[in-house]
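Chemist: full-length UniProt numbering numbers the first residue of the sequence shown as 1 and each following residue consecutively.
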Amino acid sequence: MATITMQCEPVQVSTMTLKTEPEPSPLLDLPLDIMFEIVDLLPLHSKVIFSQTCSDLRAVVKNETAQKLLSAPRAERVSYLRLREKAMPHYRLCYMCMRLHKLEV
1 MATITMQCEP VQVSTMTLKT EPEPSPLLDL PLDIMFEIVD LLPLHSKVIF
51 SQTCSDLRAV VKNETAQKLL SAPRAERVSY LRLREKAMPH YRLCYMCMRL
101 HKLEV
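1. Note down the Cα distance separating Val61 from Leu70, rounded to an integer number of angstroms.
2. Between which two residues does the alpha helix (DSSP H) harbouring Lys47 extend?
3. Helix, strand or coil for Lys86, going by three-state DSSP, please let me know.
4. Taking the DSSP output, what are the residues bridged to Cys94?
5. Select from Tyr95, Glu23 and Leu44 the residue whose C-alpha is nearest the C-alpha of Cys54.
6. Pull up the distance between the alpha-carbon of Arg82 and that of Pro31, whole angstroms please.
7. Ends of the alpha helix (DSSP H) at Leu70?
8. Can you list, in chain order, the residues of its chain whose CB lies under 6 Å from that of Met6, leaving out five sequence neighbours each side?
9. Given that a residue counts as buried once 16 or more other Cβ atoms are within 10 Å of its Cβ, and exposed if not, what is Ile38?
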């Protein structure tokens, strides 16, 4: 019976640097007047979602957009919550209380 001997050589592990800062959105490269034109074309619920993508875009859309959504017609609020629901797979929209509820797993 033969014996097999294995020799391990040290393996050099390269260190990877992790990105801590996300890449800025290419939308931020647009001139402000064009950005305002785009935002003006969006329905209210989409403006709120758009403003939640990053702090710079939130500054463009302003916080008043979210306030307008609170007093908007029910259909507009449902549209917003349905968009949020798509992005949050563990939550479901309750049409009775108009809130997203976490699913019990």
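Glycine included, each C-beta is placed from N, C-alpha and C at the ideal position.
Modeler: On the basis of the coordinates in this document:
1. 16 Å
2. Leu44 to Ser51
3. helix
4. Cys94 is bridged to Arg99.
5. Taking the Cα of Cys54 as reference, the smallest distance to any Cα among Tyr95, Glu23 and Leu44 is reached at Glu23.
6. Going by the C-alpha atoms only, they are around 31 Å apart.
7. Glu64 to Leu70
8. At Met6 the pLDDT is 48, less than 50, meaning the model places this residue with poor confidence; the figure from the coordinates comes in the next sentence. Nothing meets the Cβ criterion.
9. Exposed.
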